[in-house]
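K.L.:
Pasting a structure here, questions to come.
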Ligand code: AMP
Ligand code: FE
Ligand code: FE
Ligand code: ZN
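Numbering (the working numbering), first residue to last: 32 to 314.
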């Protein structure tokens with residue numbers, strides 16, 4: 032069993048990186064990727080423990096990007112992380128700085144709306160990767176909203192009154208940067224994309240997209256089949272994972288997904304081949 036989409040306390044998960052490795056061992060996950068939002072800190076912390084635990088840890092990341100003005104998540108996998116990654120890591124740090132600057136404005140905007148949620152409170156939970164999910168948690172804790180979903184609907188979502196703009200890279204830039212660092216770029220949880228994925232794919236393939244996340248906790252068996260079919264049609268690689276966030280999303284279990292809807296075979300990652308970014312994608 033493999034799980035190529037997980038989050039730790041270094042982004043919006045509740046499981047610390049080292050504990051995630053222990054959890055992977057318990058769950059029988061042989062190949063794991065930590066794909067924290069816009070940071071490698073979870074991967075960096077877990078690597079040595081993964082090696083001694085016999086879990087194959089693939090260096091990964093989940094980037095927040097824009098496509099046609101909407102937010103799209105892009106997964107990057109680096110099966111052979113090496114020197115080529117220095118520029119990419121530098122760029123990731125710039126993205127973090129832009130999120131921090133947005134958080135300052137977000138807390139000010141919330142104060143304007145009469146909501147007492149400070150940057151310090153959000154950062155006490157989110158630390159180095161504080162984002163909207165952490166502001167959402169405080170909104171729930173302080174009783175402004177009943178749950179995370181309502182926090183986004185009323186305050187934090189792009190169409191909500193508390194939303195403040197953040198410069199995010201275009202999807203195509205994310206793809207280019209991931210590939211430039213020797214990685215595989217995969218379209219994350221494609222059911223969440225606004226518009227028809229099938230219609231968008233030719234352009235994304237032309238931009239260098241390598242893969243699509245056909246297996247995901249949110250997918251029905253029909254959706255998984257649909258994305259596997261699209262991958263075949265466009266010559267895309269396949270990725271998949273639970274999108275494990277720990278207690279933040281308890282229904283998505285490591286390796287097993289929601290109600291056991293995942294059991295991704297090793298062959299999925301074996302099929303990537305050895306030097307993915309050097310071979311042309313989408314002929
Ligand atoms: P940020 O990068 O700080 O703007 O926060 C983006 C993160 O917030 C995403 O990666 C999701 O995990 C989460 N998120 C965005 N929209 C929603 C939503 N409508 N409901 C729940 N979580 C969301
Ligand atoms: Fe997340
Ligand atoms: Fe995501
Ligand atoms: Zn994710």
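Using N, Cα and C, we set each Cβ at its ideal position, and we do this for glycine too.
(1) Of all the beta strand (DSSP E) runs that stay within the bounds of the stretch 156-234, which reach a length of 3 or more residues?
(2) Our contact map puts residue 273 next to residue 283 with C-beta atoms below 8 Å; I'd like the distance itself, whole angstroms only.
(3) Identify every residue that forms a DSSP beta bridge with residue 109.
(4) Cβ of residue 61 within 8 Å of Cβ of residue 80?
(5) In terms of DSSP beta bridges, what is residue 147 paired with?
(6) Hey, does residue 271 have any beta-carbon neighbour from chain B nearer than 8 Å?
(7) Beta-carbon separation of residue 144 and residue 166 under 8 Å?
(8) So, for residue 252: in the same chain, excluding its five sequence neighbours on each side, which residues have a beta-carbon less than 8 Å away from its beta-carbon?
(9) Leaving out the 5 sequence neighbours to the left and right, which residues in its chain are closer than 6 Å to residue 76 when beta-carbon positions are compared?
(10) Give the range of the alpha helix (DSSP H) segment to which residue 299 is assigned.
(11) Quick one: is the Cβ of residue 1 within less than 7 Å of any heavy atom of ligand 3?
(12) Specify whether the stretch 97-105 and the stretch 218-225 touch according to this definition: at least 3 beta carbon pairs, one from each stretch, less than 8 Å apart.
(13) Taking the alpha carbon of residue 146 as the point to measure from, which residue in 83, 169 and 295 has its own alpha carbon closest?
(14) Count the other CB atoms within 10 Å of the CB of residue 15; is the residue buried (16 or more) or exposed (fewer)?
(15) For residue 149 and residue 51, I'd like the C-alpha separation in whole angstroms.
(16) For residue 316, collect the residues of the same chain with a Cβ closer than 6 Å to its Cβ; drop the 5 residues on either side in sequence, then sort them by chain order.
(17) What's the C-alpha gap between residue 250 and residue 229?
(18) So the alpha helix (DSSP H) residue 79 belongs to, where does it begin and stop?
(19) Check whether the Cβ atoms of residue 302 and residue 267 lie closer than 8 Å to each other.
(20) Out of 95, 156 and 219, which has the shortest C-alpha to C-alpha gap to residue 129?
(21) Quick check: what's the CA-CA separation for residue 46 versus residue 162?
(22) Can you list, in chain order, the residues of its chain with a C-beta nearer than 7 Å to that of residue 175? Leave out the 5 residues immediately preceding and following it.
(23) How is residue 117 classed by DSSP in three states: helix, strand or coil?
(24) Going straight from the alpha carbon of residue 202 to that of residue 112, what length do you get?
P.N.:
Looking at the atomic coordinates:
(1) Assignment of beta strand (DSSP E) within the stretch 156-234, counting only whole runs of 3 or more residues, yields 215-218 in chain order.
(2) Right, their Cβ atoms sit about 5 Å apart.
(3) DSSP lists 90 as partners of residue 109.
(4) The Cβ atoms of residue 61 and residue 80 do not sit closer than 8 Å to each other.
(5) None; residue 147 has no bridge partner.
(6) The question asks about chain B, but that chain is absent: this structure has only one protein chain.
(7) In this structure, residue 144 keeps its C-beta atom at 8 Å or more from the C-beta atom of residue 166.
(8) Here residue 252 has 292 as same chain residues with Cβ atoms under 8 Å from its own Cβ, once five neighbours each way along the sequence are excluded.
(9) Correct list, in chain order: 48.
(10) Counting along the chain, residue 299 sits inside the alpha helix (DSSP H) bounded by residues 298-301.
(11) In the structure as shown, the chain starts at 32 and stops at 314, and residue 1 therefore has no counterpart that could be examined.
(12) The answer is yes - the stretch 218-225 touches the stretch 97-105, with three or more Cβ pairs under 8 Å.
(13) Answer by Cα proximity: 169.
(14) Look at the range of the chain in this structure, 32 to 314, and you will see that residue 15 is not part of it.
(15) About 29 Å.
(16) In the structure as shown, the chain starts at 32 and stops at 314, and residue 316 therefore has no counterpart that could be examined.
(17) Using only the alpha carbons, I get a separation of about 16 Å.
(18) Unbroken alpha helix (DSSP H) run through residue 79: 72-84.
(19) No; because the gap between Cβ atoms is not below 8 Å, this pair is not in contact.
(20) With distances taken between Cα atoms, residue 129 lies closest to 95.
(21) Taking the straight line joining both Cα atoms gives about 17 Å.
(22) Annotation for residue 175: 146 place their beta carbon closer than 7 Å to its own, counting only its chain and skipping 5 residues before and after.
(23) In this structure, residue 117 counts as helix in the three-state DSSP scheme.
(24) Across the structure, residue 202 and residue 112 are spaced so that their CA atoms are roughly 21 Å apart.
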